[in-house]
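Student: Counted from 1, the sequence shown has number 723 at position 723 by UniProt numbering; the numbering is strictly sequential.
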Amino acid sequence: MPNPTLDFNDRQSNAEVPSGGFGRLVDHAWIVAAVIVLITGIATIGYVDPTMLVSPAAEKAVDHSTTSEAASRKQRATPEVRIAQLAGFDLVLLVHSQDLFTPASAAALRHVVDRLEALPQVDSVHWMDRAPPLNIFGLREPVFPNSTASASRFDAAKTKALGNPMIGGFLLSGDARSTLINVNIDWLFVRNDEDCTTAIREAAQQAASEIQGSDLTFQMTGRVPLELSLRKRNRSDERTYQIIANVFTMIMAIILFRGVIAVLIVALAPGLGVYWTLGLLNYFDLQDNPFNHVVLPILISLVGFTDGVHMMVQIRANRAAGMPPRAATRRALSEVGLACGLTSLTTAIGFGSLSLAHHRIVQEFGWCCVLGVVVTFIAVVTVIPLLCMTPLGLRVQSGHSRGWVDRNFGRAQWIIDAVIRNHRRFAIGGMLGLAVMVGISSLLRPDERRNSALPSTGEELEALQAMDHDFGGLETAKVEIEWTDAVPSDSPEVLQVMQQVDAALQAEPLIGFPISIATLVAAMPGEGDAADRVSLIELLPPPLKRAFFTPEHGTAMAMFRVQDLGIAKYGPVFERVDEKLQAIAAQHPYFTLKLAGDAVWRWHNLYQIVVDLALSLGTAIVIIFIVLSIVYRSLRIGLISIVPNVFPLAATGTLLVFAGQSLEIVSVCAFTVCLGIAVDDTIHFLTRYNEERKKTDDKAEAIRRSFVAVGTALIITTIVLVAGFVTALSSDTRDHQIFATMGILTITSALFADLIFLPALLTMFPGRKR
Numbered sequence: 001m002p003n004p005t006l007d008f009n010d011r012q013s014n015a016e017v018p019s020g021g022f023g024r025l026v027d028h029a030w031i032v033a034a035v036i037v038l039i040t041g042i043a044t045i046g047y048v049d050p051t052m053l054v055s056p057a058a059e060k061a062v063d064h065s066t067t068s069e070a071a072s073r074k075q076r077a078t079p080e081v082r083i084a085q086l087a088g089f090d091l092v093l094l095v096h097s098q099d100l101f102t103p104a105s106a107a108a109l110r111h112v113v114d115r116l117e118a119l120p121q122v123d124s125v126h127w128m129d130r131a132p133p134l135n136i137f138g139l140r141e142p143v144f145p146n147s148t149a150s151a152s153r154f155d156a157a158k159t160k161a162l163g164n165p166m167i168g169g170f171l172l173s174g175d176a177r178s179t180l181i182n183v184n185i186d187w188l189f190v191r192n193d194e195d196c197t198t199a200i201r202e203a204a205q206q207a208a209s210e211i212q213g214s215d216l217t218f219q220m221t222g223r224v225p226l227e228l229s230l231r232k233r234n235r236s237d238e239r240t241y242q243i244i245a246n247v248f249t250m251i252m253a254i255i256l257f258r259g260v261i262a263v264l265i266v267a268l269a270p271g272l273g274v275y276w277t278l279g280l281l282n283y284f285d286l287q288d289n290p291f292n293h294v295v296l297p298i299l300i301s302l303v304g305f306t307d308g309v310h311m312m313v314q315i316r317a318n319r320a321a322g323m324p325p326r327a328a329t330r331r332a333l334s335e336v337g338l339a340c341g342l343t344s345l346t347t348a349i350g351f352g353s354l355s356l357a358h359h360r361i362v363q364e365f366g367w368c369c370v371l372g373v374v375v376t377f378i379a380v381v382t383v384i385p386l387l388c389m390t391p392l393g394l395r396v397q398s399g400h401s402r403g404w405v406d407r408n409f410g411r412a413q414w415i416i417d418a419v420i421r422n423h424r425r426f427a428i429g430g431m432l433g434l435a436v437m438v439g440i441s442s443l444l445r446p447d448e449r450r451n452s453a454l455p456s457t458g459e460e461l462e463a464l465q466a467m468d469h470d471f472g473g474l475e476t477a478k479v480e481i482e483w484t485d486a487v488p489s490d491s492p493e494v495l496q497v498m499q500q501v502d503a504a505l506q507a508e509p510l511i512g513f514p515i516s517i518a519t520l521v522a523a524m525p526g527e528g529d530a531a532d533r534v535s536l537i538e539l540l541p542p543p544l545k546r547a548f549f550t551p552e553h554g555t556a557m558a559m560f561r562v563q564d565l566g567i568a569k570y571g572p573v574f575e576r577v578d579e580k581l582q583a584i585a586a587q588h589p590y591f592t593l594k595l596a597g598d599a600v601w602r603w604h605n606l607y608q609i610v611v612d613l614a615l616s617l618g619t620a621i622v623i624i625f626i627v628l629s630i631v632y633r634s635l636r637i638g639l640i641s642i643v644p645n646v647f648p649l650a651a652t653g654t655l656l657v658f659a660g661q662s663l664e665i666v667s668v669c670a671f672t673v674c675l676g677i678a679v680d681d682t683i684h685f686l687t688r689y690n691e692e693r694k695k696t697d698d699k700a701e702a703i704r705r706s707f708v709a710v711g712t713a714l715i716i717t718t719i720v721l722v723a724g725f726v727t728a729l730s731s732d733t734r735d736h737q738i739f740a741t742m743g744i745l746t747i748t749s750a751l752f753a754d755l756i757f758l759p760a761l762l763t764m765f766p767g768r769k770r
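1. Could you tell me whether the region 469-478 touches the region 511-525, where touching means 3 or more Cβ pairs closer than 8 Å?
2. Quick check: the Cα distance between Ala40 and Ile640, rounded to an integer number of angstroms?
3. For the UniProt domain "SSD" (277-390), list the alpha helix (DSSP H) runs that are entirely contained and at least 4 residues long, ordered along the chain.
4. What whole-angstrom Cβ distance do Arg496 and Ala523 have, given they're in contact under 8 Å?
5. So, are the CB atoms of Phe377 and Ser344 less than 8 Å apart?
6. What is the C-beta distance between Val269 and Ile361, in whole angstroms, given that I count them as a contact (C-beta under 8 Å)?
7. Starting from the Cα of Ile167, find the closest Cα among Ser147, Val143 and Trp187 and give me that residue.
8. Taking the C-alpha atoms as reference points, what is the distance between Ala157 and Pro145?
9. Should His684 go down as buried or exposed, given a rule of 16 or more other Cβ atoms within 10 Å for buried?
10. Given a threshold of 16 other Cβ atoms within 10 Å of its Cβ, counted over all protein chains shown, does Gln85 qualify as buried or as exposed?
11. Whole angstroms is fine: what's the gap from Leu392's alpha carbon to Ile261's?
12. Note down the Cα distance separating Lys60 from Trp601, rounded to an integer number of angstroms.
13. From the DSSP output, which residues share a beta bridge with Ala556?
14. Give the DSSP-derived three-state secondary structure of Ile420 in the structure shown.
15. Pair every Cβ in the region 204-217 with every Cβ in the region 103-116, then say whether three or more of these pairs are closer than 8 Å.
16. Grouping DSSP H, G and I as helix and E and B as strand, with all else coil, what is Leu761?
17. In whole angstroms, what is the alpha-carbon distance linking Val92 and Arg201?
18. Checking 8 Å against the spacing of the C-beta atoms, do Gly638 and Ser629 come in under that value?
19. Who are the near neighbours of Val32 in its chain, counting only those whose CB is closer than 7 Å to its CB and skipping five residues on each side?
20. Looking only at its own chain, which residues have a Cβ that is under 8 Å from the Cβ of Gln98, when we skip the five neighbours before and after it?
21. Is it right to say His28 is buried, meaning 16 or more other beta carbons lie within 10 angstroms of its own, or is it exposed?
22. Is there contact between the region 531-541 and the region 414-427, where contact requires at least three CB pairs shorter than 8 Å?
23. With a CB to CB cut of under 6 Å and the five nearest residues on each side skipped, what residues in its chain are close to Trp276?
24. Could you give the first and the last residue of the continuous alpha helix (DSSP H) run that contains Lys158?
25. Under 8 Å Cβ to Cβ from Tyr570, same chain only, skipping five residues before and after it: list those, please.
26. Count the other C-beta atoms from every protein chain shown that fall within 10 angstroms of the C-beta of Ala15, then say buried if there are 16 or more, exposed otherwise.
27. Distance check for Asp114 and Ser209, CA to CA, integer angstroms please.
28. Compare the beta carbon distance of Val95 and Leu116 with 8 Å and say whether it is the shorter of the two.
29. Identify, in the order they occur along the chain, each residue of the same chain with its Cβ nearer than 6 Å to the Cβ of Leu635, setting aside the five sequence neighbours on each side.
30. Would you call the region 666-683 in contact with the region 311-320, where contact means no fewer than 3 C-beta pairs closer than 8 Å?
31. I need the straight-line Cα distance from Ile744 to Thr390, nearest angstrom please.
32. Looking at the unbroken beta strand (DSSP E) that takes in Phe218, where does it start and where does it end?
33. Kindly indicate which three-state DSSP category Ser491 falls into: helix, strand or coil?
34. Counting along the chain, where does the beta strand (DSSP E) carrying residue 845 start and finish?
35. When the Cα atoms are used, what is the spatial distance from Ala70 to Gly169?
36. Tell me the DSSP bridge mates of Arg561?
Written as structure tokens, this is what we have:
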């Protein structure tokens with residue numbers, strides 16, 4: 001709380017200090033303290049149990065009704081058959097060996113499966129020894145012969161397994177050195193995350209080690225392990241990188257400020273803002289967004305630290321000039337409070353524009369950032385002034401003028417003099433350079449990878465890469481085939497169409513092991529064309545047949561695997577396949593064929609990444625232009641501000657093009673977030689310039705004074721922001737590294753634009769003195 005002993009001196013200075021605007025907060029310290037305590041309490045409850053204050057959100061009912069003719073056909077009754085599961089297992093164990101078809105490996109695999117099935121949390125196990133037979137009248141035969149069988153019998157078993165479409169390529173790699181054990185979890189018996197992940201793998205490893213001569217090794221992947229690993233890593237990274245960022249930022253700030261007290265006060269505000277944000281997110285069920293665990297805390301703390309530095313620089317200057325604490329704080333709030341509020345508003349606009357994006361993760365991240373910016377601004381304008389009026393802030397000016405930037409910034413005066421003398425060259429060069437870089441940035445092509453959120457080192461990524469190499473990928477997609485009632489389901493044309501679909505898929509090297517009714521029929525004994533072999537479909541076991549073929553509905557499907565190489569790489573592949581499908585449909589007018597699945601959906605919507613970027617950036621730039629034009633009551637200022645605000649984004653985009661990078665979802669977030677940060681420095685410079693123009697008729701002198709007044713704070717905040725982003729580079733997650741790299745490039749180029757191009761443009765287009 002404010003120190004009563006300081007009040008007397010403060011009152012003597014009150015008459016000379018403006019008390020309007022944000023400066024009034026100094027006169028209501030107890031109310032400010034109460035607001036801080038209230039928000040802290042609400043955020044704390046959010047960490048403990050948010051349902052104490054808000055009811056859990058009810059899930060929206062989904063209307064699955066449809067009136068289409070095709071959908072009405074799917075209402076027809078079908079036999080009660082449990083369809084064979086082909087994909088979507090909870091957990092996948094990749095088993096590797098120098099040779100799986102040996103007595104030791106066969107015995108070890110059987111022992112592993114027995115051990116897994118004995119676990120209470122395992123509901124079912126699907127592996128190649130239990131692949132369904134291809135003939136309804138056939139008996140299921142084990143893949144492996146007896147352990148006492150000869151080597152030739154094991155070689156024959158290997159050849160037979162590779163020739164079975166339900167095993168070779170599907171459950172057994174082409175070199176017969178890797179196989180899949182698919183596991184479904186019984187969630188009733190799961191007590192913790194380890195029960196459905198590492199406990200299963202360890203049980204398999206233990207079972208394999210009990211068989212003499214076994215060389216089996218295991219990798220774990222699948223839906224559940226990937227989701228749990230990502231969630232666990234995010235929570236761990238949240239703590240780790242937040243601590244690293246705070247410590248690194250504090251060290252850099254102490255070096256720059258040369259005052260521990262000032263740094264401590266400035267750091268407390270964004271630190272509290274991060275605490276408030278992460279606590280309040282729990283009320284909106286947004287805490288599990290993948291960007292919230294590393295990027296959001298660092299981002300919010302850096303944004304808050306930026307405004308805090310500007311405020312502290314002004315408070316220290318006032319205190320060094322002899323003003324008492326309360327008066328110095330009041331004047332500082334009056335001088336930079338509006339600029340800080342405006343920067344928070346424009347930053348929130350930049351972040352909020354992400355809500356216009358197509359991807360849910362991007363939308364949620366945008367709203368999380370908006371919430372973070374708002375509460376962090378509240379923390380900055382309340383915590384810093386309050387602490388500066390307490391005994392802790394009595395020596396806040398200690399180290400003023402001895403900081404590294406303060407001592408050396410005077411040597412940079414020649415820069416602003418050179419800019420003013422050659423303002424036309426710099427202004428025109430900046431605008432032309434901006435136009436060129438925008439053109440180069442437009443060459444960025446969209447892409448999306450599912451493994452971008454995974455650590456670049458570790459079992460998760462290695463297992464996915466092994467799946468890509470050995471089995472053509474973990475993710476599956478399909479071709480949906482539908483025909484009208486004019487075609488009987490037992491017509492040879494049905495099998496003929498599916499054979500053509502199989503041929504179209506098999507012609508593409510990146511399509512992994514396509515399988516359909518045509519594939520299964522082709523593996524059955526006999527020869528002949530579609531008319532001769534269509535009756536063989538009825539010989540397939542119903543669970544297997546109906547996994548690919550539903551005659552009552554007039555539908556069939558061909559399934560294939562997709563590698564995680566970046567969906568853009570599959571663009572030409574899907575285009576060629578789609579063209580062939582349309583050509584097949586043209587030959588068979590009663591048939592409809594289309595690609596389906598998550599990978600195909602992402603390919604169809606890949607252009608949406610570019611649309612999201614254009615929409616979010618365009619909206620943010622237009623709104624920021626309007627806001628600045630209104631606040632500064634000048635269309636000229638609004639137009640001038642576009643150059644230094646867009647220049648950093650264009651420079652970063654250009655470097656991405658030269659580095660051979662693509663435009664991904666994380667890039668959309670980074671571009672928009674960086675716009676929100678970059679505009680902060682522009683606003684502080686323009687605000688100071690407007691104040692100085694009121695004091696002098698010399699536009700050049702006004703620019704020099706603005707350069708000197710805010711230059712120190714701009715450089716300090718840039719160094720600290722870069723230091724904060726550098727900490728995120730140590731993350732082993734690709735998305736975080738891309739975000740941090742783009743942040744560093746944007747912030748550094750923003751400083752250049754604000755200290756070089758902005759003064760040149762203001763000199764070239766001075767306007768009238770207000």
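Where a beta carbon is used, it is the ideal one built from N, C-alpha and C, also for glycine.
Tutor: Taking the structure as given:
1. yes
2. Taking the first residue of the sequence shown as 1, we reach residue 40 at position 40. Taking the first residue of the sequence shown as 1, we reach residue 640 at position 640. One detail in the question is off: residue 40 reads as Thr in this sequence, not Ala. Put simply, the backbone Cα of Thr40 is about 40 Å away from that of Ile640.
3. 295-320, 325-352 and 360-388
4. Position 496 of the sequence shown holds residue 496. Position 523 of the sequence shown holds residue 523. Residue identity differs from the one stated: residue 496 is Gln in this sequence, not Arg. So it is not a contact: roughly 17 Å between Cβ atoms.
5. By 1-based counting over the sequence shown, the position of residue 377 is 377. By 1-based counting over the sequence shown, the position of residue 344 is 344. Yes, these two residues count as a Cβ contact at 8 Å.
6. Position 269 of the sequence shown holds residue 269. Position 361 of the sequence shown holds residue 361. Checking the sequence, you will find Ala at residue 269 rather than Val. The C-beta separation of Ala269 from Ile361 comes to about 29 Å, leaving the pair out of contact by the 8 Å criterion.
7. The count along the sequence shown starts at 1 and reaches residue 167 at position 167. The shortest Cα separation from Ile167 among Ser147, Val143 and Trp187 belongs to Val143.
8. Stepping through the sequence shown from its first residue, residue 157 is reached at position 157. Stepping through the sequence shown from its first residue, residue 145 is reached at position 145. If you take the alpha carbons of Ala157 and Pro145, they lie about 7 Å apart.
9. The sequence position of residue 684 within the sequence shown is 684, counting from 1. So His684 ends up on the buried side.
10. Here residue 85 refers to the residue found at position 85 when the sequence shown is read from its first residue. Gln85 comes out exposed.
11. Here residue 392 refers to the residue found at position 392 of the sequence shown. Here residue 261 refers to the residue found at position 261 of the sequence shown. For Leu392 and Ile261, the distance between alpha carbons rounds to 7 Å.
12. Position 60 of the sequence shown, counted from the first residue, corresponds to residue 60. Position 601 of the sequence shown, counted from the first residue, corresponds to residue 601. Here the model assigns Lys60 a pLDDT of 43, short of 50, so the residue's position is not dependable, and the following value carries that caveat. Near 23 Å, if we compare the C-alpha coordinates of Trp601 and Lys60.
13. Taking the first residue of the sequence shown as 1, we reach residue 556 at position 556. Bridge partners of Ala556: Ile481 and Phe549.
14. To locate residue 420, count along the sequence shown from 1; it is residue 420. The answer is helix: DSSP assigns Ile420 an H, G or I state.
15. Touching, yes.
16. Sequence index remark: in the sequence shown, residue 761 carries index 761 (1-based). If DSSP states are grouped into helix, strand and coil, Leu761 belongs with the helices.
17. Translated into positions along the sequence shown, residue 92 becomes position 92. Translated into positions along the sequence shown, residue 201 becomes position 201. Looking at the two C-alpha atoms, the distance is approximately 10 Å.
18. Walking along the sequence shown from the start, residue 638 turns up at place 638. Walking along the sequence shown from the start, residue 629 turns up at place 629. Taking 8 Å as the Cβ cut-off, Gly638 and Ser629 qualify as a contacting pair.
19. Within the sequence shown, the letter at position 32 stands for residue 32. Cβ within range, chain order: Leu25, Thr382 and Leu386.
20. Within the sequence shown, numbered from 1, the residue matching residue 98 stands at position 98. Cβ neighbours of Gln98 beyond the five flanking positions: Arg177 and Asp215.
21. Walking along the sequence shown from the start, residue 28 turns up at place 28. Its Cβ having fewer than 16 others within 10 Å, His28 is exposed.
22. no
23. Taking the sequence shown and counting its residues from 1, the one referred to as residue 276 is at position 276. Closer than 6 Å at the Cβ level, and outside the excluded window around Trp276, lie Ile39, Ala43 and Val375.
24. As a first step, residue 158 must be located in the sequence shown, where it is residue number 158. Ala151 to Gly163 is the extent of the alpha helix (DSSP H) around Lys158.
25. By one-based count along the sequence shown, residue 570 stands at place 570. So the list reads Leu510, Val562, Ala599 and Trp603, once near-sequence residues are dropped.
26. As a position in the sequence shown, residue 15 is number 15, starting the count at 1. Its pLDDT being 42, under 50, Ala15 is placed unreliably in this model, and the value from its coordinates should be taken loosely. Exposed, because fewer than 16 other Cβ atoms sit within 10 Å of the Cβ of Ala15.
27. In the sequence shown, residue 209 corresponds to position 209, counting from 1. In the sequence shown, residue 114 corresponds to position 114, counting from 1. Pairing Ser209 with Asp114, the inter-Cα distance amounts to about 14 Å.
28. Sequence index remark: in the sequence shown, residue 95 carries index 95 (1-based). Sequence index remark: in the sequence shown, residue 116 carries index 116 (1-based). Taking 8 Å as the Cβ cut-off, Val95 and Leu116 do not qualify as a contacting pair.
29. Here residue 635 is taken as the residue at index 635 of the sequence shown, counted from 1. The residues are Ser629.
30. Per the Cβ contact rule, the region 666-683 is not in contact with the region 311-320 (fewer than 3 Cβ pairs under 8 Å).
31. For the purposes of this step, residue 744 is identified with residue 744 of the sequence shown, where counting begins at 1. For the purposes of this step, residue 390 is identified with residue 390 of the sequence shown, where counting begins at 1. Near 36 Å, if we compare the C-alpha coordinates of Thr390 and Ile744.
32. Within the sequence shown, numbered from 1, the residue matching residue 218 stands at position 218. Unbroken beta strand (DSSP E) run through Phe218: Thr217 to Thr221.
33. For the purposes of this step, residue 491 is taken as residue 491 along the sequence shown, with counting starting at 1. The answer is coil: DSSP assigns Ser491 none of H, G, I, E or B.
34. Because residue 845 is not part of the residues shown, which for the chain are 1 to 770, the question remains open.
35. Taking the first residue of the sequence shown as position 1, residue 70 is located at position 70. Taking the first residue of the sequence shown as position 1, residue 169 is located at position 169. With a pLDDT of only 47 at Ala70, under the threshold of 50, the placement of this residue in the model should not be trusted; the figure read from the coordinates follows. Answer to the nearest angstrom: the Cα atoms are 33 Å apart.
36. Here the question's residue 561 lines up with position 561 in the sequence shown. Per DSSP, Thr476 and Gly512.
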